[in-house]
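For the sequence shown, our numbering assigns the number 7 to the initial residue and increments by one for each residue that follows. Data first, discussion second: the structure below is written as structure tokens.
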Amino acid sequence: MKNLLVFVWLMVPVMAMAQSTSVALEAENLTLKERYYFMKEKSQTFKDYKVIKENVLDGVWKIVQDSIAADKAQYKEAQASIAKLESDLSATQTALKEKEQSMQEVEFASTHITVLGIDFAKGAFNTIVAILVLGLVGVIGLLVARMKVVRSSYSEKRDSFNQLTADYEEYKRKALDKQMKLSRELQDERNKLAELRH
């Protein structure tokens with residue numbers, strides 16, 4: 007029984023140490039590096055070697071595998087999140103480019119005008135229209151002045167023609183009167199001659 011008590015007495019600290027080691031290894035707040043150092047510190051030494059219990063080593067290995075699996079899952083989530091963010095960024099950039107293009111089109115439309123399929127800047131178009139209007143006004147002014155000159159010339163020619171016609175009619179009337187007068191005188195003279203002959 008004494009041996010049993012000695013054995014139990016020796017095993018209690020070892021079991022307590024093993025439990026504290028496994029408890030410490032399974033603690034959630036320790037990093038892998040901290041767990042490694044804790045396992046190394048609590049393990050027994052034999053010459054230059056460390057003797058680690060299999061259950062502790064298996065526990066550390068399970069924790070390492072769980073950590074790697076958690077890191078892989080976290081990595082996959084991060085990759086999925088990055089892919090989603092890149093997709094969102096791409097969609098946002100596409101929408102931004104479309105809005106910029108739309109703004110450029112609106113700005114172009116506000117500063118340009120299309121006439122007969124040709125784009126003109128509004129300032130240039132206004133200048134061209136003003137020059138055309140002034141040119142047309144000038145041409146109309148020249149035509150009106152020319153028409154006045156032509157009308158004045160026509161009026162003078164008409165007056166000259168009317169005067170000439172009136173003078174010609176007067177001349178014809180006078181010539182006819184003169185001819186009739188001369189004819190009467192000639193007839194009178196013939197009548198006188200005929201009376202003298204008879």
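For each residue, glycine too, the CB sits at the ideal point set by N, CA and C. This one's a predicted model, so the numbers in the text were calculated from it and none came from an experiment.
Asked                                                                                                                                                            : Found
Check for me: the alpha helix (DSSP H) holding K56 runs from which residue to which?                                                                             : Careful: K56 lies outside any alpha helix (DSSP H), inside the beta strand (DSSP E) at Y55 to V57.
Using DSSP bridges, identify the partner residues of Q50.                                                                                                        : V57
Can you tell me whether V66 is buried or exposed, with buried defined as 16 or more other CB within 10 angstroms of its CB?                                      : buried
Taking only the alpha-carbon atoms, compute the straight-line gap between K180 and S158 and give it to the nearest angstrom.                                     : 32 Å
On the DSSP letters alone, give me the boundaries of the beta strand (DSSP E) that T37 sits inside.                                                              : Element bounds for T37: n/a, residue is neither H nor E.
Taking its Cβ as the centre, do 16 or more other Cβ atoms sit within 10 Å of R196, making it buried, or is it exposed?                                           : exposed
Would you list, in sequence order, the uninterrupted beta strand (DSSP E) runs of no fewer than 3 residues that lie entirely inside the segment 112-190?         : 118-121 and 124-127
Report yes if the C-beta distance between T117 and K128 is below 7 Å; otherwise report no.                                                                       : yes
For L56, which residues from the same chain have a beta carbon less than 8 Å from its beta carbon, with the 5 sequence-adjacent residues on both sides left out? : It is Lys, not Leu, that sits at residue 56 in the sequence shown. Here the set comprises K46, S49 and Q50.
Take the Cβ of R190 as the centre, count every other Cβ of all protein chains shown within 10 Å, and call the residue buried at 16 or more, exposed below.       : exposed
I think I74 touches R41, with their Cβ atoms under 8 Å apart; what is that distance to the nearest whole Å?                                                      : About 14 Å separates the two Cβ atoms, so there is no contact after all.
Report the start-end ranges of each alpha helix (DSSP H) in the segment 55-115 that is 4 residues or longer and not cut off at the edges.                        : none
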